[in-house]
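Going by full-length UniProt numbering, the sequence shown opens with residue 1, and the numbers climb by one from there. Backbone N, C-alpha and C fix where the C-beta goes; we use that ideal spot for every residue, glycine too. Bear in mind the structure is a predicted one, so any value in this text is a computation, not a measurement. In what follows, a structure is listed as structure tokens, so that the remarks can point back to it.
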Amino acid sequence: MTASTCCRKGEGACVCSQQATCSCGKQSALNCTCEKAAQENTVSGPTCSCGSRPAGKCTCNNAASENKAPGENACPCGKRPSGACTCASRETDFTSK
Numbered sequence: 001m002t003a004s005t006c007c008r009k010g011e012g013a014c015v016c017s018q019q020a021t022c023s024c025g026k027q028s029a030l031n032c033t034c035e036k037a038a039q040e041n042t043v044s045g046p047t048c049s050c051g052s053r054p055a056g057k058c059t060c061n062n063a064a065s066e067n068k069a070p071g072e073n074a075c076p077c078g079k080r081p082s083g084a085c086t087c088a089s090r091e092t093d094f095t096s097k
């Protein structure tokens with residue numbers, strides 16, 4: 001399955017997802033075997049475009065652009081640009097407004 005925010009380079013699977021590695025760089029993202037495996041092999045909340053790494057911690061070839069702060073045009077969680085939101089919950093909480 002290709003994430004809706006994937007870089008769209010190549011055919012089929014998300015190329016940026018295939019390039020992403022764990023933070024130590026030894027294994028592919030979500031397949032870490034180092035001492036950080038417990039944290040590295042799960043992703044919750046906002047993610048980078050491919051969905052394999054947390055937002056702001058991209059390790060694929062798009063890392064330079066992926067890891068930039070979104071500025072004023074951020075999605076509700078503040079981690080990604082509004083047009084590329086990957087927030088875990090995109091529901092609007094009307095109970096506190």
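Should residue i go down as buried or exposed, given a rule of 16 or more other Cβ atoms within 10 Å for buried?
i     : result
Lys26 : exposed
Lys36 : exposed
Ala38 : exposed
Residue i and residue j look like a contact to me (Cβ under 8 Å); what is the Cβ gap, rounded to whole Å?
i     : j     : result
Ala29 : Ser52 : 4 Å
Cys87 : Pro46 : 5 Å
Do residue j and residue i come within 8 Å of each other at the CB atom, strictly closer than that value?
i     : j     : result
Ala19 : Asn61 : Reading off the sequence shown, one finds Gln at residue 19, where the question assumed Ala. Contact flag set, yes.
Cys16 : Ser65 : no
Asn41 : Cys34 : no
Using the DSSP secondary-structure output, state which residues sit across from residue i in a beta bridge.
i     : result
Pro81 : Ala74
Ser28 : Thr21
Thr47 : Pro54
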